[in-house]
Amino acid sequence: MDSEEYVEAVLELVERIPPGRVMSYGAVADALAERSGRSSARLVGSIMARHGGGVPWHRVVNAAGRLPPGHEIEARARLRAEGTPLRGDRVDMANACWQPAG
DNA sequence: ACAATGACTCTAC
DNA sequence: CGTAGAGCCATTG
């Protein structure tokens, strides 16, 4: 069961992601590990899959800059519209990687 | 406790 | 661009 506390923390952080930037599940998990104590890329992914609605989920990608399955087209279009550095069908993590610290 | 699953991550081929 | 194997942690049967 996903504690709403953790879910809210994830959604909050995802909403904090500025346009043109993205975060990897692992980065989100790592950033939330300080507030929840427990975190895993799989957990964040699972939460996004269940509660990803209502937040710019397209700003959350995996470590390889891959877009979430079933939404590649949507995510790619949104990212492109926001000016996110794209590299083919993936996100240019070298420039798009963002973190709450800066 | 065990087995299976998942919007993950890394390394190797 | 692809597959395969191991590690990861929580949920579910």
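Using UniProt numbering, you'd call the opening residue of the first sequence number 1 and step up by one each time.
Even for Gly, the Cβ is constructed at its ideal location relative to N, Cα and C.
- A direct Cα-Cα distance of roughly 20 Å separates Pro-18 from Glu-72.
- Shortest Cα-Cα distance from Val-7 to any of Asp-30, Gly-26, Met-48 involves Met-48.
- Non-local beta-carbon contacts of His-51 in its own chain, meaning distances under 6 Å to residues more than five positions away in sequence, involve Val-7 in chain order.
- In this structure, DSSP gives Arg-78 a helical state, which the three-state scheme calls helix.
- In the three-state reduction of the DSSP assignment, Val-28 falls in the helix class, which pools H, G and I.
- Inter-residue distance for His-58 and Val-28 is about 13 Å (C-alpha atoms, whole angstroms).
- Between Leu-32 and Val-10, the beta carbon gap of about 6 Å places them in contact (Cβ cut-off 8 Å).
- According to the DSSP assignment, Ile-47 belongs to the alpha helix (DSSP H) that extends over 41-51.
- Annotated as proximal: Gly-45 and Tyr-25, with beta-carbon spacing under 8 Å.
- When C-alpha distances from Arg-35 are compared across Ala-75, Glu-12, Gly-88, Leu-86, the shortest belongs to Glu-12.
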